[in-house]
């Protein structure tokens with residue numbers, strides 16, 4: 010196995026995982042903000058928060074596909 | 040049997056052999072990939088949570104409750120309290136008679152961690168004994184302590200000699 014390619018692959022996977030972590034933290038904030046405003050009787054923030062959360066989830070899935078692809082290619 | 044990656048010299052390996060690798064360099068990949076999957080699973084859970092909050096808030100808005108009789112006039116003395124459930128059986132509320140003709144009602148669950156609040160006649164306020172959160176007995180506004188929101192107020196209506204609970208007024212309805 011090519012060590013240099015392996016190192017690059019690991020760096021890419023680390024970067025993608027770090028980005029997904031940041032996105033999940035943003036989603037946690039969205040959930041807590043939407044819950045807080047829903048409990049206070051202001052439901053108008055719930056739909057935009059759900060849409061934003063869905064977009065972030067799609068981004069996370071894309072990054073996971075990227076991780077799988079890099080993993081496959083680097084280990085070939 | 041399900042196999043792992045498209046690697047030609049490993050295509051005959053079962054998935055568990057690839058996931059539990061005995062090669063050190065392979066193990067790093069597996070750990071990172073599994074961590075990525077775990078993160079995406081968490082992301083899916085957060086998305087589901089957001090959708091659930093949205094659906095619940097829609098249902099809450101759509102639900103209409105009929106007027107519910109909660110007490111007869113004069114049933115409780117001035118400064119006294121009566122508990123009742125509104126709009127559902129698991130939502131305890133307090134009816135307070137603050138004056139001869141002055142009735143107010145609030146949800147009994149503290150907005151901090153849902154402890155039951157009690158009415159203090161001497162201080163004319165609602166008090167949560169768990170973390171010393173105090174609420175105004177007039178508006179339900181937070182006077183002191185950790186509660187983040189006012190108590191939900193119950194809209195009352197007097198019909199003949201009976202009091203009816205009509206609706207729950209949260210912070211956003213006022």
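Chains as they are written, first to last, in our numbering: chain L, 10 to 85; chain C, 40 to 213.
For glycine and all other residues, C-beta sits at the position ideal for the given N, C-alpha and C.
Nothing here was measured: the structure is a model prediction, and the numbers come from that model.
Have a look at residue i and residue j and give me their C-alpha separation to the nearest angstrom.
{"i": "residue 53 of chain L", "j": "residue 15 of chain L", "result": "48 Å"}
{"i": "residue 202 of chain C", "j": "residue 140 of chain C", "result": "11 Å"}
{"i": "residue 239 of chain C", "j": "residue 114 of chain C", "result": "The requested residue 239 of chain C is not part of the displayed model; chain C covers only 40 to 213."}
{"i": "residue 77 of chain L", "j": "residue 73 of chain C", "result": "10 Å"}
{"i": "residue 92 of chain C", "j": "residue 66 of chain L", "result": "16 Å"}
{"i": "residue 125 of chain C", "j": "residue 80 of chain C", "result": "38 Å"}
{"i": "residue 19 of chain L", "j": "residue 86 of chain C", "result": "28 Å"}
{"i": "residue 147 of chain C", "j": "residue 191 of chain C", "result": "9 Å"}
{"i": "residue 84 of chain C", "j": "residue 63 of chain L", "result": "11 Å"}
{"i": "residue 112 of chain C", "j": "residue 47 of chain L", "result": "34 Å"}
{"i": "residue 55 of chain L", "j": "residue 42 of chain L", "result": "9 Å"}
{"i": "residue 38 of chain L", "j": "residue 68 of chain L", "result": "17 Å"}
{"i": "residue 214 of chain C", "j": "residue 108 of chain C", "result": "Because chain C here runs from 40 to 213, residue 214 of chain C falls outside it and cannot be looked at."}
{"i": "residue 30 of chain L", "j": "residue 106 of chain C", "result": "48 Å"}
{"i": "residue 72 of chain L", "j": "residue 24 of chain L", "result": "10 Å"}
{"i": "residue 151 of chain C", "j": "residue 70 of chain L", "result": "35 Å"}
{"i": "residue 183 of chain C", "j": "residue 197 of chain C", "result": "31 Å"}
Is residue i helix, strand or coil when you go by DSSP?
{"i": "residue 28 of chain L", "result": "helix"}
{"i": "residue 172 of chain C", "result": "strand"}
{"i": "residue 125 of chain C", "result": "coil"}
{"i": "residue 189 of chain C", "result": "coil"}
{"i": "residue 180 of chain C", "result": "coil"}
{"i": "residue 119 of chain C", "result": "coil"}
{"i": "residue 49 of chain L", "result": "coil"}
{"i": "residue 196 of chain C", "result": "strand"}
{"i": "residue 14 of chain L", "result": "helix"}
{"i": "residue 78 of chain L", "result": "helix"}
Determine, for residue i, whether the minimum Cβ-Cβ distance to residues of chain L falls below 8 Å.
{"i": "residue 78 of chain C", "result": "yes"}
{"i": "residue 98 of chain C", "result": "no"}
{"i": "residue 40 of chain C", "result": "In this predicted model, residue 40 of chain C has a pLDDT of only 40, less than 50, meaning its place in the structure is not dependable; the value taken from the coordinates is given anyway. For residue 40 of chain C, the answer is no, since every Cβ of chain L falls outside 8 Å of its Cβ."}
{"i": "residue 172 of chain C", "result": "no"}
{"i": "residue 127 of chain C", "result": "no"}
{"i": "residue 117 of chain C", "result": "no"}
{"i": "residue 109 of chain C", "result": "no"}
{"i": "residue 122 of chain C", "result": "no"}
{"i": "residue 82 of chain C", "result": "yes"}
{"i": "residue 75 of chain C", "result": "yes"}
{"i": "residue 95 of chain C", "result": "yes"}
{"i": "residue 164 of chain C", "result": "no"}
{"i": "residue 203 of chain C", "result": "no"}
{"i": "residue 198 of chain C", "result": "no"}
Got a sec: is the Cβ-Cβ distance from residue i to anything in chain C below 8 Å?
{"i": "residue 14 of chain L", "result": "no"}
{"i": "residue 58 of chain L", "result": "yes"}
{"i": "residue 52 of chain L", "result": "yes"}
{"i": "residue 21 of chain L", "result": "no"}
| said: Give the list of continuous beta strand (DSSP E) stretches no shorter than 3 residues that lie fully inside the segment 64–117 of chain C. | reply: DSSP runs (the beta strand (DSSP E)) wholly in the segment 64–117 of chain C: 107–111.
| task | Please go through the segment 136–160 of chain C and give each complete alpha helix (DSSP H) segment of 4 or more residues, from N-terminal end onward. | result | The segment 136–160 of chain C contains no whole alpha helix (DSSP H) run of 4 or more residues.
| request: Anything in the segment 24–37 of chain L with a Cβ closer than 8 Å to a Cβ of chain C? List those residues in chain order, please. | output: Taking 8 Å as the upper bound on Cβ-Cβ separation, chain C lies near residues 25, 26, 29, 30, 32, 33, 36, 37 of the segment 24–37 of chain L.
| task | Determine which residues of the segment 134–160 of chain C have a Cβ less than 7 Å from any Cβ of chain L, and write them out in chain order. | result | Taking 7 Å as the upper bound on Cβ-Cβ separation, chain L lies near no residue of the segment 134–160 of chain C.
| request: Compile a chain-ordered list of the residues in the segment 177–193 of chain C whose CB is closer than 8 Å to at least one CB of chain L. | output: Of all residues in the segment 177–193 of chain C, only 187, 188, 191 place a beta-carbon less than 8 Å from a beta-carbon of chain L.
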